[in-house]
Amino acid sequence: MLESYPNVTVRQQVEPLQMFTGIETNNRYRILDPDGTDILFAYEDSGFMARQFLGNHRPLSIKVVDPRGAVQLTASRRFFWFLSHLELAGPEGAPAGRVDRRFKLAGRRFDLSDGQGDSLEIHGPMLRPNTFWLKRRGADVGKITKQWSGLGREMFTRADTFHVEFEAPPSAGFSAQPPLSESMRWAVLAAAIAIDLDFFEDRKRRGGMGFHFGGR
Numbered sequence: 000m001l002e003s004y005p006n007v008t009v010r011q012q013v014e015p016l017q018m019f020t021g022i023e024t025n026n027r028y029r030i031l032d033p034d035g036t037d038i039l040f041a042y043e044d045s046g047f048m049a050r051q052f053l054g055n056h057r058p059l060s061i062k063v064v065d066p067r068g069a070v071q072l073t074a075s076r077r078f079f080w081f082l083s084h085l086e087l088a089g090p091e092g093a094p095a096g097r098v099d100r101r102f103k104l105a106g107r108r109f110d111l112s113d114g115q116g117d118s119l120e121i122h123g124p125m126l127r128p129n130t131f132w133l134k135r136r137g138a139d140v141g142k143i144t145k146q147w148s149g150l151g152r153e154m155f156t157r158a159d160t161f162h163v164e165f166e167a168p169p170s171a172g173f174s175a176q177p178p179l180s181e182s183m184r185w186a187v188l189a190a191a192i193a194i195d196l197d198f199f200e201d202r203k204r205r206g207g208m209g210f211h212f213g214g215r
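Just so we're aligned, residue 0 is where the sequence shown starts under numbering that gives the first Met the number 0, counting upward by one.
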């Protein structure tokens, strides 16, 4: 399915309760194709108290479903102190890879595996906080970018939008890289949501009434 698209947009949806009170609700996302058509939806499942008090350290699961409601991917993680780890499962519950955050002194990093023997790294430069490069053996193979959603949406809804590029265009000094496999694209999609949870959710909380115990 994802192999049909060179890129997708992940757009967070914010409940009115969270918008006006700051009470944390389950995250929801729309995944759109390049034409702006909904192709997938993602829903968080976590406990109310965990959302209010554990912040982005909370245990949770994210289900990605198609427009008919059929589950295509489940991403789950346990409570963590420092570095998050998402375990991925396919439609039938079989393991489908991992998204592991790694320590990086100057910058941000994730390691991705797709359950089929392929792996990628995601590197986020400190001086470009909204940009995350997908790399295979040092070569750029794609990119995840947090996009500006407009003043009103950023200020009042605190909803994030991410542009996920599955293919890296040729650039000076680099040869064109083959497109990512279907299985790896699902891992990259899960990584885009992990990036929102790990690096941008707390920033939004500080403007609301969240009660979680601390930062990362």
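We put the beta carbon where it would ideally sit given N, CA and C, even for glycine.
None of the values given here were measured: they were computed from a predicted structure.
**Request:** With DSSP collapsed to three states, give me the class of Glu54.
**Result:** Inspection of the sequence shows that residue 54 is occupied by Gly rather than by Glu. In the structure shown, Gly54 sits in a helix (DSSP, three-state: H, G or I).
**Item:** Test item: CB-CB of Ala41 and Ile22 under 7 Å
**Value:** no
**Item:** Phe52 to Asn26 span [Cα, whole Å]
**Value:** 16 Å
**Simplified DSSP state of Arg127, which is helix, strand or coil** = coil
**When Ala191, Glu91 and Gly114 are compared against Asn129, the one with the closest alpha-carbon** = Ala191
**Request:** Check whether the Cβ of Lys145 lies closer than 7 Å to any Cβ atom in chain D.
**Result:** The structure shown contains no chain D; it is built from a single protein chain.
**Asked** Roughly how many angstroms lie between the CA atoms of Arg50 and Arg107, to the nearest whole one?
**Response** 24 Å
**Item:** Alpha-carbon spacing of Gly209 relative to Phe47, whole angstroms
**Value:** Confidence is the limiting factor: at Gly209 the pLDDT is only 40, short of 50, which leaves the residue's position unreliable, though a coordinate-based value still follows. If you draw a straight line from the Cα of Gly209 to the Cα of Phe47, it comes to about 12 Å.
**Prompt:** So Ser182 is in the alpha helix (DSSP H); what residue range does that whole segment cover?
**Reply:** Glu181 to Ile194
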